[in-house]
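Heads up: the structure comes next, in structure tokens.
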Amino acid sequence: AESAPKQEVLQRNPASIMASRRRKLVPGKDPIETLRCSFDTFTQEVPFKDWRRFGRALLLSENE
């Protein structure tokens, strides 16, 4: 008697599944350029006296 055909189960790495569902942090075709432009905007919009407080709110160190 012929046995039933074996079904191959493709197992995917859980990290690759998460990556396929993950949204881009920065939209657009060139995320580096988008971030660069946003940093220029931050420096224009955030008053100098509040810059450190703004950086701490973003969880940045003094050197970042």
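Residue numbers 195 to 258, in our numbering, belong to the letters of the sequence shown in order. Cβ coordinates follow ideal geometry from the N, Cα and C atoms, glycine included. As the structure is a computational prediction, the values presented were derived from the model and not from experiment.
- Rounded to the nearest whole angstrom, the C-alpha separation of residue 246 and residue 227 is 24 angstroms.
- Cβ neighbours of residue 229 within its own chain (closer than 7 angstroms, five residues either side excluded): 220.
- Per DSSP, reduced to three states, the secondary structure at residue 222 is coil, with no helix or strand assignment.
- Straight-line measurement puts the Cα of residue 222 at about 29 angstroms from the Cα of residue 256.
- Contact between residue 248 and residue 240 holds: CB atoms are separated by about 5 angstroms, below the 8 angstroms threshold.
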